[in-house]
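Participant:
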Amino acid sequence: MNNFGKYIVLVNIENDTPKVRQQFSPPFGLLIAASVLQRNNVNVIVRHIINTKESLKELLTISKDAIAVGFSTMTSQNLLSAIEASHMLHNLGIYVFWGGPHATLLPEIVLKDLSIDAVLRGEAEANLYEFYKWRTGEIKDDEVPGLCHKGNDGIIKIRPIPPLVDANSLGYHPFELLNINKYLDKPIPLHKNFIPGNVIPIMTSKGCVKRCAFCYNTVVNKSKWRPYDIERVFYEMDYLVSTYNITGWLFYDDNLFIDSERAFEIIERYKMPSSVEIDLNRVTPLFLERAKKANISKVYIGIESGSDSMLKRMHKGISKEMVREKAKLIGEFELNVDFSFMIMLPHESDSELIETFDLIHELETYPYIKIDGPKCYNPYPGTEFYLQLVNSGWEPPGSNEEWAKFVRKISPLETGLSISERKLEILKKEHII
Ligand code: B12
Ligand code: SF4
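Below you can see the structure in the form of structure tokens.
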């Protein structure tokens, strides 16, 4: 018996691939979940691991006496590792539950796998402590918001995603639970716009107020933006700087500049080379001037399509002309920019697809512009585009294993979408298939 008392193990497991080893990024969701237990004085062990024999063995050892082992899941190939580890633990009688965006959006699919005992939907802040109290017999299962599992009657109960918690109830990132050296950004050969130094991803807020028709934010964060407490953000960033000699930041916030003053307050405090994600609409000479002074070296902007009609259907609130105009402006301020693009969107016509490739080819001639993609659209349940796709006859995957194929690099041929002859020709010409 472990002398640690009652405890929960929280895991984020990734496939053992060169890409994962290259880009090992802090598991923010897992850390936030751990903070919920920490602040309620519940013992928690956190593991962010790559799927190897040794790491599974160690996971088994630490999980033996746990009340439950929770996996943080996003829809990606890493689900295969989460499935493997869940089977291993469940077969030894250990209680396994899944949380995170994949489990939140697809609880019925997750629970088809009988090795996964429960799903906790939504934010860990809304239910993880209640889940602990339920597992220790203090409360009943129906008092755990978002808990989905097989009840005593043998029927699987799917509960709705709990309402978002208030900004002041959000968790925090207990970085001291991890060895942060693993997460320092590693140079990728020939990678355009790479920021050198001890650079690390960081998140200071959650969600986004926009309503892009394809984005998980409309479902999971209900198109709301919430900032983490700024003093706590400073505490975490100071800790990373003083302990790991951080020299630059990759801000992974979905929309850091919703409160522009706050964003600059954070960035200007450190004035380190940084990358930020920003809405094209916010790119103005005033913003770029301040960004340059604050040492922002790269901006990341989701463009997604080169077709004005598609951009309208996506509710992006931008146009092709605006992209050209702002791209020039960014160059004048000598900043680097990554533009991301998607293809194979619902009802995307052949000419809309061609327009996207044309815009990409036009932009990639600029030395300071890097194109991210074009990546194949991934449908997430509950979003406007997902519903359109289902209504047009697309059959969604029926298991975690099938969903695991849905990564940004999925080949259009694997999506189950019907693709016209003309589209196939275009995709071949562009070396997508
Ligand atoms: C950082 C990040 C990454 C990092 C990985 C970080 C890591 N080690 O896990 C990198 C860059 C490697 C990455 C890669 C990919 N990512 Co990514 N990524 C993000 C990003 C920007 C932040 C994630 C995050 O930490 N959010 C903040 C935390 C607090 O939110 P959260 O994770 O949702 O966690 C909360 C709840 O979900 C819940 N929770 C989370 N875990 C757990 C566990 C338990 C047990 C419980 C109870 C609750 C719980 O509580 C948390 C606190 O409220 C998000 C977008 C976003 N802003 O969230 C996309 C996002 C998560 N990624 C996404 C995707 C698709 C991918 C890729 C598949 C892309 C690809 N290459 O094809 C890969 C998959 C790699 C993987 N790890 O599986 C999607 C996931 C969609 C989905 N349906 O699952 C998102 C939502 C982006 C998007 N807009 O579509 N990603
Ligand atoms: S702007 Fe980005 S994060 Fe916000 S809803 Fe659109 S795609 Fe999602």
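The numbers in the working numbering rise by one with no breaks, and the one at position 116 of the sequence shown is 105. Where a beta carbon is used, it is the ideal one built from N, C-alpha and C, also for glycine. None of the values given here were measured: they were computed from a predicted structure.
(1) Using 8 Å as the threshold, is the region 9 to 22 in touch with the region 136 to 156, meaning 3 or more CB pairs across them?
(2) Where do the N-terminal and C-terminal ends of the alpha helix (DSSP H) with I267 fall, by residue?
(3) Go through its chain and collect everything with a Cβ distance to D174's Cβ below 6 Å, but skip five positions before and after it.
(4) Pairing CB atoms from the region 212 to 219 with CB atoms from the region 182 to 200, are three or more of them under 8 Å?
(5) Quick check: the Cα distance between K101 and F183, rounded to an integer number of angstroms?
(6) Look up L45 in the DSSP assignment and say whether it is helix, strand or coil.
(7) I'd like to check one pair, V272 with I292: are the Cβ atoms closer than 8 Å?
(8) How should G143 be labelled, buried or exposed, when 16 other C-beta atoms within 10 angstroms of its C-beta is the threshold for buried?
(9) Since N389 is in the alpha helix (DSSP H), which residue starts that stretch and which ends it?
(10) Output needed for M261: all residues of its chain with C-beta closer than 7 Å, excluding positions within five of it in sequence on either side, in chain order.
(11) So for E278, helix, strand or coil by DSSP?
(12) Quick check on the DSSP output: the beta strand (DSSP E) that includes H79 runs from which residue to which?
(13) Going by DSSP in three states, N170 sits in which element: helix, strand or coil?
(14) Measuring alpha carbon to alpha carbon, tell me which of F374, E323 and L334 ends up nearest I358.
(15) I want to check one thing, is the minimum distance from the CB of N206 to the heavy atoms of the ligand MG below 7 Å?
(16) Please tell me whether T93 and V209 are closer than 8 Å, where the distance is taken between their beta carbons.
(17) Can you find a heavy atom of the ligand B12 that lies under 7 Å from the Cβ of I21?
(18) Got a sec, what are the start and stop residues for the alpha helix (DSSP H) L376 sits in?
(19) Fully enclosed by the region 195 to 267, which beta strand (DSSP E) runs are 3 residues long or longer?
(20) With a CB to CB cut of under 6 Å and the five nearest residues on each side skipped, what residues in its chain are close to L233?
(21) Could you tell me which residues DSSP pairs with G88 in its beta bridges?
(22) Between the C-alpha atoms of Y172 and Q12, what's the straight-line distance to the nearest angstrom?
(23) Where do the N-terminal and C-terminal ends of the beta strand (DSSP E) with E3 fall, by residue?
(24) Is it buried or exposed for H37, if we count other Cβ within 10 angstroms and need 16 for buried?
(25) Can you tell me where the beta strand (DSSP E) with L109 in it begins and where it stops?
(26) For E341, is the classification buried or exposed, using 16 other Cβ atoms within 10 angstroms of its Cβ as the cut-off for buried?
(27) Can P96 be considered in contact with the ligand B12, in the sense that its beta carbon sits closer than 7 Å to one or more heavy atoms?
(28) Is L(-1) close to the ligand B12? I mean its beta-carbon at under 7 Å from any heavy atom of the ligand.
(29) Report yes or no: do the region 347 to 366 and the region 315 to 330 share at least 3 C-beta pairs separated by less than 8 Å?
(30) Ordered along the chain, which non-local residues of its own chain (more than five positions away) have a Cβ less than 7 Å from that of F120?
(31) Given 7 Å as the limit, tell me if G371 has its C-beta closer than that to any heavy atom belonging to the ligand SF4.
Facilitator: Checking against the coordinates, here is how it stands:
(1) no
(2) Here I267 belongs to no alpha helix (DSSP H), and DSSP marks it neither H nor E.
(3) V188
(4) yes
(5) 42 Å
(6) helix
(7) no
(8) exposed
(9) N389 to W392
(10) T236, G237, W238 and N284
(11) helix
(12) H79 -> not in any beta strand (DSSP E); alpha helix (DSSP H) instead, spanning L68 to N80.
(13) helix
(14) E323
(15) The ligand MG is absent from the structure shown, which contains only the ligand B12 and the ligand SF4.
(16) yes
(17) yes
(18) E373 to N380
(19) 214 to 216, 237 to 240 and 263 to 266
(20) The question names Leu, but residue 233 is Tyr in the sequence shown. So the list reads I169, once near-sequence residues are dropped.
(21) S61
(22) 8 Å
(23) Y(-4) to E3
(24) buried
(25) A107 to L109
(26) buried
(27) no
(28) yes
(29) yes
(30) L109, V133 and L136
(31) no
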